[in-house]
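Residue numbers for the sequence shown follow numbering that gives the first Met the number 0, beginning at 0 and rising by one.
Every residue gets a Cβ at the ideal spot worked out from N, C-alpha and C, and that includes glycine.
Here the structure comes first, spelled out in structure tokens, and everything after it is commentary.
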Amino acid sequence: MPTWTGAWSEAEAESYLWERAIPIRLGCRTPSGGLWMLSLWYQYRDGAFHCATGADADVVSYLSADPGVSFEVSDNEPPYKGVRGAGTATVTHDDDKEQLETLLVRYLGGTDNDLADRLLDADRKEVRIRIEPSKLYTWDFTDRMRDADRG
């Protein structure tokens, strides 16, 4: 069970993660020890982040070499708020592309579009990435930024 700290309760944080259709920013290490960051679509359920990517994506080999990750899901516009943490990633095959299809519906509203056609192509190999958090931290600068003028 992960440790939750910060501005929100676990229930508030989970609500934020379920409601926001923004990418998760994922940090990991390359096999040579370098740092790498990427953004992925996610679905938060059962206390974990569920993502998908092509089986030939560089991050697949990176996570196979070192499954330790950091992550952040946060708003890009003020007032800034979000969830960040650390955990372990597990990569598995997604032959039926079920996770990808779920993410296409979550982020694009369905699979009736050119991007979905390309990603769901029968010849394209897909994997699932499950991120099991060990630590989660929430922040919310709404009060701090209440009178901030962006214009």
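Pairs of beta-carbons, one from the region 126 to 140 and one from the region 79 to 86, closer than 8 Å: are there three or more?
yes
Leaving out the 5 sequence neighbours to the left and right, which residues in its chain are closer than 6 Å to R83 when beta-carbon positions are compared?
E71 and Y136
Between which two residues does the beta strand (DSSP E) carrying A6 extend?
No beta strand (DSSP E) contains A6, which DSSP labels as neither H nor E.
Let's see if you can read the secondary structure: which residues bound the beta strand (DSSP E) around T153?
Outside the modelled stretch of the chain, which goes from 0 to 150, sits residue 153, for which no answer is possible.
Following the continuous beta strand (DSSP E) through T151, name the residue where it begins and the one where it ends.
What is shown of the chain runs 0 to 150, which leaves residue 151 out entirely.
Taking just the CA atoms, how far does V104 sit from G32?
35 Å
What are the boundary residues of the beta strand (DSSP E) that includes S63?
That residue, S63, is in no beta strand (DSSP E); its alpha helix (DSSP H) goes D57 to A64.
Using DSSP bridges, identify the partner residues of L39.
I23
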